[in-house]
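The structure appears right after this line, and notes come after that.
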Amino acid sequence: QEFHDLDSPVPPEERTVANSHAKAHVRGIWDGEDDRLQEAMDGFVLSGAVKLYRADRGVADGPFRHHTMLVHQSVRKDDHAELALRLNSMWHQAGYASAEGHVRLAALWEADFKHVSDARAAQLPNPGTYDELRPYISRARQLITKGGNPVIIVNGDSDKYFEQLDLDFDRTPNVWKILVGGTKLSRGFTVEGLTVTYYRRMTRQADTLMQMGRWFGFRPGYQDLVRLYIGRQEPMTKTSTADLYEAFEAICRDEELFRAELKQYSELVDGKPQVVPAEVPPLVAQHLPWIKPSARNKMFNAELVEIRSPGKAIEPSVYPESADAL
Numbered sequence: 001q002e003f004h005d006l007d008s009p010v011p012p013e014e015r016t017v018a019n020s021h022a023k024a025h026v027r028g029i030w031d032g033e034d035d036r037l038q039e040a041m042d043g044f045v046l047s048g049a050v051k052l053y054r055a056d057r058g059v060a061d062g063p064f065r066h067h068t069m070l071v072h073q074s075v076r077k078d079d080h081a082e083l084a085l086r087l088n089s090m091w092h093q094a095g096y097a098s099a100e101g102h103v104r105l106a107a108l109w110e111a112d113f114k115h116v117s118d119a120r121a122a123q124l125p126n127p128g129t130y131d132e133l134r135p136y137i138s139r140a141r142q143l144i145t146k147g148g149n150p151v152i153i154v155n156g157d158s159d160k161y162f163e164q165l166d167l168d169f170d171r172t173p174n175v176w177k178i179l180v181g182g183t184k185l186s187r188g189f190t191v192e193g194l195t196v197t198y199y200r201r202m203t204r205q206a207d208t209l210m211q212m213g214r215w216f217g218f219r220p221g222y223q224d225l226v227r228l229y230i231g232r233q234e235p236m237t238k239t240s241t242a243d244l245y246e247a248f249e250a251i252c253r254d255e256e257l258f259r260a261e262l263k264q265y266s267e268l269v270d271g272k273p274q275v276v277p278a279e280v281p282p283l284v285a286q287h288l289p290w291i292k293p294s295a296r297n298k299m300f301n302a303e304l305v306e307i308r309s310p311g312k313a314i315e316p317s318v319y320p321e322s323a324d325a326l
């Protein structure tokens with residue numbers, strides 16, 4: 001929910017980075033435009049430099065121990081290898097030590113990070129200009145390339161596999177890497193220090209999206225630096241596209257309604273529970289038609305039902321598209 005403005009009282013035209021989670025943290029990827037992968041990588045370097053800047057000025061550096069970027073577009077291992085090669089190539093051509101690279105980073109700092117940090121982290125040390133931040137770019141680059149490679153492919157299933165990659169976040173002093181995600185990540189692997197996420201993977205199951213929602217936790221000291229680059233027009237069929245940001249919003253609403261269903265049974269009656277868990281009807285909402293609660297083989301006992309809400313005003317999530325439908 002930290003990426004959405006669910007039921008915000010602020011009108012859309014009045015939302016700013018100060019009062020809108022979406023404007024502060026979410027960067028959409030639209031079909032036919034630049035895929036923004038280079039921008040996401042630049043944001044990863046910039047946010048790492050800001051963490052180092054703050055640590056030098058008395059901010060507790062515990063939350064800055066790990067600094068990661070996650071790129072998740074597919075579960076196919078061949079796709080991961082291809083994407084990792086592209087990211088490595090982009091990194092070495094980015095020129096983070098060159099004048100051209102600093103010009104690009106300075107532009108992103110002024111257009112994005114500076115405004116968000118000034119509005120949402122005024123209590124923390126923030127560079128007034130890019131020139132104040134520039135000395136920390138080199139240190140961030142060194143930490144990210146420690147060991148020779150800024151990119152790690154994460155698509156194994158065993159714990160031993162992750163130990164070999166130095167992805168033991170408890171034992172490794174500093175993990176500053178770009179992670180290309182696979183099946184393990186979609187099952188809820190916890191990514192410590194996650195600051196920039198680049199997400200374009202299509203899925204039609206709400207439970208899969210919820211597992212991946214575990215990634216998006218905020219940490220003290222750098223909440224303002226978190227960015228989510230997400231596909232807004234990802235191919236779904238030959239003639240249609242899916243808005244993944246809208247999909248995450250839908251499952252947030254599904255979960256809120258499920259919690260509300262459980263809450264009505266939480267009050268004791270004569271000192272005793274109204275029902276036991278086995279007696280609670282598992283009513284799972286579905287705000288988007290194409291996002292099912294789970295895979296078909298897990299829903300063979302599911303039934304489609306309608307419920308009423310006497311005395312409760314509920315905003316419809318879908319409206320009739322024509323008079324005939326009404």
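Residue numbers (the numbering used here): 1 to 326.
Even glycine gets a Cβ: it sits at the ideal position worked out from N, Cα and C.
Judging by CA-CA distance, which residue of the options is the nearest neighbour of residue i?
i       : options                            : result
Leu-70  : Pro-150, Ser-266, Val-284, His-287 : Pro-150
Leu-194 : Ala-119, Tyr-53, Asp-31, Gly-48    : Gly-48
Leu-244 : Arg-27, Pro-11, Lys-23, Ser-8      : Arg-27
Gln-228 : Gly-43, Asn-19, Glu-33, Thr-241    : Looking at the sequence provided, one finds Leu at residue 228 rather than Gln. Ranking Gly-43, Asn-19, Glu-33, Thr-241 by Cα distance to Leu-228 puts Gly-43 first.
Asp-168 : Thr-190, Gly-147, Ile-144          : Thr-190
Ala-242 : Glu-13, Pro-12, Asp-31             : Asp-31
Pro-127 : Lys-272, Lys-146, Val-280, Asp-56  : Asp-56
Gln-73  : Pro-289, Ile-230, Ala-323          : Ile-230
Thr-197 : Ile-29, Asp-7, Asp-78              : Ile-29
Ala-22  : Ser-8, Gln-38, Asp-34, Lys-272     : Ser-8
Glu-261 : Ala-250, Val-280, Lys-272, Asn-174 : Val-280
Given this structure, state the Cα-to-Cα distance separating residue i from residue j, to the nearest angstrom.
i       : j       : result
Pro-277 : His-92  : 55 Å
His-66  : Ala-285 : 37 Å
Leu-201 : Val-269 : According to the sequence displayed, residue 201 carries Arg and not Leu. Approximately 46 Å, taken between the alpha carbons.
Arg-141 : Glu-82  : 23 Å
Trp-176 : Arg-15  : 33 Å
Phe-300 : Asp-112 : 47 Å
Leu-46  : Val-180 : 19 Å
Met-236 : Glu-256 : 26 Å
Ile-172 : Val-59  : Reading off the sequence, residue 172 comes out as Thr, not Ile. Their backbone Cα atoms lie some 21 Å apart in a straight line.
Glu-267 : Phe-248 : 30 Å
Gln-274 : Pro-282 : 16 Å
Arg-120 : Asp-224 : 6 Å
His-80  : Ile-153 : 7 Å
Gly-148 : Asn-88  : 11 Å
Pro-135 : Arg-54  : 13 Å
Leu-304 : Lys-292 : 12 Å
Determine the burial state of residue i: buried for a count of at least 16 other Cβ atoms within 10 Å of its Cβ, exposed for fewer.
i       : result
Phe-64  : buried
Leu-85  : exposed
Gln-123 : exposed
Leu-105 : buried
Asp-254 : buried
Glu-39  : buried
Lys-114 : buried
Starting from residue i, trace the beta strand (DSSP E) both ways and give me its first and last residue.
i       : result
Met-69  : 67-72
Gly-32  : Where Gly-32 is concerned, there is no enclosing beta strand (DSSP E), given that its DSSP letter is neither H nor E.
Val-154 : 151-154
Along the chain, where does the alpha helix (DSSP H) that runs through residue i open and close?
i       : result
Gly-101 : 99-108
Trp-91  : 77-93
Tyr-53  : 37-55
Lys-177 : Unbroken run through Lys-177 is the beta strand (DSSP E), 176-181; no alpha helix (DSSP H).
Is the beta carbon of residue i within less than 7 Å of some heavy atom of the ligand COA?
i       : result
Asn-301 : Absence of the ligand COA is noted for the structure shown, with no ligands found whatsoever.
Using a Cβ cut-off of 8 Å (strictly closer), state whether residue i contacts chain D.
i       : result
Ala-106 : Of the protein chains in the structure, only one exists, and it is not chain D.
- Message: Which complete alpha helix (DSSP H) runs does the region 104-138 hold, if anything under 4 residues is left out?
- Response: Inside the region 104-138, DSSP marks whole alpha helix (DSSP H) runs of 4 or more residues at positions 114-120, from first to last along the chain.
- Segments of 3+ residues assigned as beta strand (DSSP E) that fall wholly inside the region 198-286: Entirely contained in the region 198-286, the beta strand (DSSP E) runs reaching 3 residues are, in chain order, 227-231.
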